[in-house]
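Q: Sharing a structure with you now.
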Amino acid sequence: MFGFLLDILFPEYCVVCGSFLFLEHHGVACRKCWNAHFFMYTGRKCSVCGHPVERGDPLGLCARCRRSVRRFPFDRVEYFTLYDGLPKLAIKALKFERKLKVAHSIGKTILHHLRHFISRNRVDMVVPVPMHPESLKERGFNQCEEILKSANIR
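Spelled out as structure tokens, the structure:
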């Protein structure tokens with residue numbers, strides 16, 4: 038009932054198709070656009086930094102890592118989707134417009150991928166990226182923590 042009233046009193050529209058967001062939506066996009074634009078990236082990733090790699094690169098390296106020898110203090114990078122289009126707009130809405138419903142949607146969207154990754158790699162602990170205390174005080178929440186809560190990762 039509360040969601041119904043909010044949607045009527047403060048109408049919002051899908052950032053992709055412009056349709057009125059009513060009840061079953063993801064905070065910034067309708068269900069149809071969310072499913073069409075917020076999906077798992079399945080392309081090749083650089084074996085050093087995780088950046089998407091062009092097809093046919095024999096070394097499996099991105100252009101930056103091919104040009105210079107780069108080393109990082111981690112084994113690899115894992116991500117669900119590219120930070121572009123709807124995912125980028127959704128994360129910005131979560132962080133800067135305080136649309137916590139987006140965190141719930143992202144958490145539910147990545148849930149199976151994240152659980153599979155944790156299980157497959159025998160991950161002992163998942164820690165949200167810490168925020169600077171001033172940013173946390175200003176925003177009032179840690180977006181990574183909210184996404185993990187929504188994915189039931191604690």
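Residues 38 to 191 in my numbering are what the sequence shown spells out, letter by letter. Cβ atoms here follow ideal geometry from the backbone N, Cα and C, with glycine treated the same way. Small disclaimer: the values here were computed from a predicted structure and weren't measured.
In the DSSP assignment, find the unbroken alpha helix (DSSP H) run with residue 170 in it and report its ends.
A: Element bounds for residue 170: 170-176.
Q: Measuring only the C-alpha atoms, how far is residue 148 from residue 51?
A: Between residue 148 and residue 51, the C-alpha separation is close to 23 angstroms.
Q: For chain C, check one thing: does any of its Cβ atoms lie closer than 9 angstroms to the Cβ of residue 118?
A: Within the model displayed, chain C is absent; a lone protein chain is all it includes.
Q: Name the residue from 49, 106, 117, 58 whose alpha carbon lies nearest to the alpha carbon of residue 154.
A: The shortest C-alpha separation from residue 154 is found at 117.
Q: Please determine, among 143, 85, 161, 175, the residue with the shortest C-alpha to C-alpha distance to residue 109.
A: Ranking the options by Cα distance to residue 109, first place goes to 85.
Q: Among residues of its own chain, excluding the 5 on either side of residue 122, which ones have a beta-carbon nearer than 8 angstroms to its beta-carbon?
A: Excluding positions up to five away in sequence, the list reads 74.
Q: Are the segment 56-65 and the segment 128-143 touching, with three or more C-beta to C-beta distances below 8 angstroms?
A: Short answer: they touch.
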